[in-house]
Amino acid sequence: MNFDRELLKGSISLLILKLLSEREMYGYEIIQEASRRSHESFEFKEGTLYPALHQLYKRGYLRSEWRLAKNGRQRKYYSITAKGRKLARERQRGWVLFTKAIDAVLSNG
Amino acid sequence: MESSDNLVRQIISKSRIVSAARRRELAKELSSHVEDMADELGAAGHDEASIQEIVSQRFGHPEEIARAFAETYRTEQIAAYIGIVFALVAASLVAVGATISTIQFCVAIWSGSLSADLQGMRWEFVGFLCLTWGYVGIYLGERLFRNRLLPAVTVNVLLFLLAALGFHHLAPGHGSAALVAFVCAGMVRILQRSNIRFIWCAGTAVPLLCAWLLVGPIVQSSGPLASWKMGLIVWLGMTLSCLTMTFLTNFFDRKMFTRLQGS
Chain A
21 MNFDRELLKG
31 SISLLILKLL
41 SEREMYGYEI
51 IQEASRRSHE
61 SFEFKEGTLY
71 PALHQLYKRG
81 YLRSEWRLAK
91 NGRQRKYYSI
101 TAKGRKLARE
111 RQRGWVLFTK
121 AIDAVLSNG
Chain B
255 MESSDNLVRQ
265 IISKSRIVSA
275 ARRRELAKEL
285 SSHVEDMADE
295 LGAAGHDEAS
305 IQEIVSQRFG
315 HPEEIARAFA
325 ETYRTEQIAA
335 YIGIVFALVA
345 ASLVAVGATI
355 STIQFCVAIW
365 SGSLSADLQG
375 MRWEFVGFLC
385 LTWGYVGIYL
395 GERLFRNRLL
405 PAVTVNVLLF
415 LLAALGFHHL
425 APGHGSAALV
435 AFVCAGMVRI
445 LQRSNIRFIW
455 CAGTAVPLLC
465 AWLLVGPIVQ
475 SSGPLASWKM
485 GLIVWLGMTL
495 SCLTMTFLTN
505 FFDRKMFTRL
515 QGS
């Protein structure tokens, strides 16, 4: 399913923070995991994911580390910081309230 | 994988990321991602051409991604821009000071009046500053206003007049030399936009001549030099200083500002 690009862009940091709050991942893995969990409804574009990852890293919500994979390839793993966890909780609360409000408006229509 | 490498290169070069280490790291991260993607697509039976097409599709337009990275690292870019501007101003000021001082020193030795001619020059630094402002200020204005001369000149003239008002109160009697230095360097920068070669040399000559006619020589020799010779030396000093600033701004343009804008 193709979601509105702007809608996806606005929620990407929440999705990244949520996924990384469970375990550390590298960029490609984040895309695959989001796609798997959304039953392939979400297809993050790399051009959206990486700038968002870097933005979160720069603001101290994520940390990163290079590691060697089994196939000999170097991968940059991202993990969430305490500050990031706090933001993830706040964003999730905000998102729940937001979707409830939207649902309420739509269902009363 | 050449086109994928090219895609990563395009993103990095247009991203305006200042730090070379960060650019390298981002290139490594994106390349590793492309390789993962290619492996998976290859395992799913896609051929090389199809892999390239999917990679390009998934990544999106390189300029758009580069813009998103530029937005992420904007603070660093602004800091670097300010740093480069300060470095250019400082380098120009040193170059102007060194050029004019060398000429004065040579003339003083030649005329045998070293001590006499080097005296009474305590306000000379202001002259160097105004000369630098006239040239580098308009150059920076051109950069700021996308090569439009009128706003670049207007802003600089207004700021200069404001500063000159303050300076006039602090050091009455030295304003004309400062003004002439500013106008000369500014004229040089403006005339350098013309296609006529060496016309810019008139940028220092004409304002100096006008100042001479209106208020007399702007720099008086305290030694035995005739005032017309002193005028010629001032013109030579200003012209060579402007030439030095031309080389400096060209260098900064090619090596620093262009890279910051994303090559």
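Protein chains in written order, with this note's numbering: chain A, 21 to 129; chain B, 255 to 517. Even glycine gets a Cβ: it sits at the ideal position worked out from N, Cα and C. Predicted model, so just to flag it, every value in this text is computed and none were measured.
Proximal chain B residues relative to residue 95 (chain A), where beta-carbon distance stays under 7 angstroms | Start at 1 with the first residue of the first sequence, and residue 95 (chain A) comes out as number 75. Under the 7 angstroms cutoff, chain B gives 286.
Starting from the beta carbon of residue 65 (chain A), find every residue of chain B whose beta carbon is closer than 8 angstroms, and list them in chain order.
-> Translated into positions along the first sequence, residue 65 (chain A) becomes position 45. Within 8 angstroms Cβ-Cβ: 312, 313 and 314.
- prompt: Can you tell which of B:269, B:262, B:260 and B:407 has its C-alpha closest to the C-alpha of residue 513 (chain B)?
  reply: The residue you call residue 513 (chain B) lines up with position 259 of the second sequence. Ranking the options by Cα distance to residue 513 (chain B), first place goes to B:269.
Please go through the segment 304-383 of chain B and give each complete alpha helix (DSSP H) segment of 4 or more residues, from N-terminal end onward.
-> 316-326, 328-365 and 368-371
When we look at the beta-carbon of residue 392 (chain B) and count the other beta-carbons within 10 Å, is it buried (16 or more) or exposed? Taking the first residue of the second sequence as 1, we reach residue 392 (chain B) at position 138. Of the other Cβ atoms in all chains shown, 16 or more fall within 10 Å of the Cβ of residue 392 (chain B); this residue is therefore buried.
Using the beta-carbon of each residue, which ones in chain A are nearer than 8 angstroms to residue 319 (chain B)?
Counting from one through the second sequence, the residue named residue 319 (chain B) turns up at place 65. Those within 8 angstroms of residue 319 (chain B) in chain A are 66, 67, 70 and 71.
Which class does residue 85 (chain A) belong to by DSSP, given the choice of helix, strand or coil? Along the first sequence, read from residue 1 onward, the residue named residue 85 (chain A) stands at position 65. Correct three-state label for residue 85 (chain A): strand.
Interface residues of chain A around residue 322 (chain B) at Cβ under 7 angstroms? Along the second sequence, read from residue 1 onward, the residue named residue 322 (chain B) stands at position 68. Here the neighbours are 67 and 71.
For residue 453 (chain B), does the count of other Cβ atoms within 10 angstroms reach 16, so buried, or fall short, so exposed? In the second sequence, residue 453 (chain B) corresponds to position 199, counting from 1. The residue in question, residue 453 (chain B), is exposed, as its Cβ has fewer than 16 Cβ neighbours within 10 Å.
| How about residue 280 (chain B): is its C-beta nearer than 9 angstroms to some C-beta of chain A? | As a first step, residue 280 (chain B) must be located in the second sequence, where it is residue number 26. So, interface residue.
Name the residues in the segment 37-65 of chain A whose C-beta lies less than 7 angstroms from a C-beta of chain B; which are they? 47, 48 and 65
Determine contact between the segment 355-369 of chain B and the segment 386-400 of chain B, defined as no fewer than three beta-carbon pairs at a distance below 8 angstroms. Touching, no, given that fewer than three Cβ pairs across the two stretches are closer than 8 angstroms.
Check your understanding: Distance, Cα to Cα, residue 53 (chain A) vs residue 36 (chain A)?
Key -> Mapped onto the first sequence, residue 53 (chain A) falls at position 33. Mapped onto the first sequence, residue 36 (chain A) falls at position 16. Looking at the two C-alpha atoms, the distance is approximately 10 angstroms.
message: Looking at chain A, is there any beta carbon in it that lies within less than 9 angstroms of the beta carbon of residue 327 (chain B)?
response: As a working mapping, residue 327 (chain B) is identified with position 73 in the second sequence. So, interface residue.
Q. Can a CB atom of chain B be found closer than 9 angstroms to the CB of residue 128 (chain A)?
A. What you label residue 128 (chain A) is simply residue 108 of the first sequence in a count that begins at 1. It does not: the Cβ of residue 128 (chain A) has no partner Cβ on chain B nearer than 9 angstroms.
- [ ] Under 7 angstroms between beta-carbons, which chain A residues line up against residue 290 (chain B)? List them in chain order, please.
- [x] Within the second sequence, numbered from 1, the residue matching residue 290 (chain B) stands at position 36. In chain order: 48.
Discussion item. For a quick check, are the C-beta atoms of residue 499 (chain B) and residue 386 (chain B) less than 9 angstroms apart?
Written reply: By 1-based counting over the second sequence, the position of residue 499 (chain B) is 245. By 1-based counting over the second sequence, the position of residue 386 (chain B) is 132. Yes, they are a contact pair.
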